[in-house]
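First comes the structure, then the notes that go with it.
Residue numbers (our numbering): 1 to 145.
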């Protein structure tokens, strides 16, 4: 496992960050660290409902998922159907959702930060990395190195 995989495997710095690496590199490092990794293209997400749909499909949420923020938090705090020792979620092409639906984007990021803090307390890494076109920033800190 390389240094990046070691970083991902530890819960200490896990959180919600601006993606500053190639998604393929993140997926490889997550796999080497024994983490579940989900690359989710949210480039066509227009609102909260679309966002919830993309997340639930990509992460294979259980049938009981209620398609609201509370249900998203519940599923992300469960993750019992996953096999890895933690989770990396890469939200690709996020600019449209962030720019066109800032309030909902901010709500989603706040929820994801809370979930990451929950898992950090459980000593399991939960990373969310938000990417978009070169030069764009989602207003999140860059991923630590």
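The beta carbon of each residue, even a glycine, is placed where N, CA and C say it ideally should be.
task = Look at the Cβ atom of residue 16, then the Cβ atom of residue 109, and state whether they are nearer than 7 Å.
result = The residue given as residue 16 occupies position 16 in the chain shown. The residue given as residue 109 occupies position 109 in the chain shown. Yes; because the gap between Cβ atoms is below 7 Å, this pair is in contact.
ask   = For residue 70, which option in 18, 49, 5 and 101 has the closest C-alpha, if you only look at C-alpha atoms?
value = Here residue 70 corresponds to residue number 70 of the chain shown, with the count starting at 1. Per the Cα distances, 49.
inquiry  = For the pair the segment 91-104 and the segment 41-58, tell me if three or more CB-CB distances fall below 8 Å.
reply    = yes
Neighbourhood of residue 52 by C-beta, 7 Å cutoff - its chain only, sequence neighbours within 5 removed = Taking the first residue of the chain shown as position 1, residue 52 is located at position 52. Excluding residues within five positions, the ones whose Cβ falls inside 7 Å are 67 and 72.
ask   = Who does residue 46 pair with in a DSSP beta bridge?
value = Against the chain shown, residue 46 aligns to sequence position 46. Partner(s): none; residue 46 has no beta bridge.
request  = Determine the DSSP secondary structure at residue 106, reduced to helix, strand or coil.
outcome  = Looking up residue 106 in the chain shown gives position 106. Helix at residue 106.
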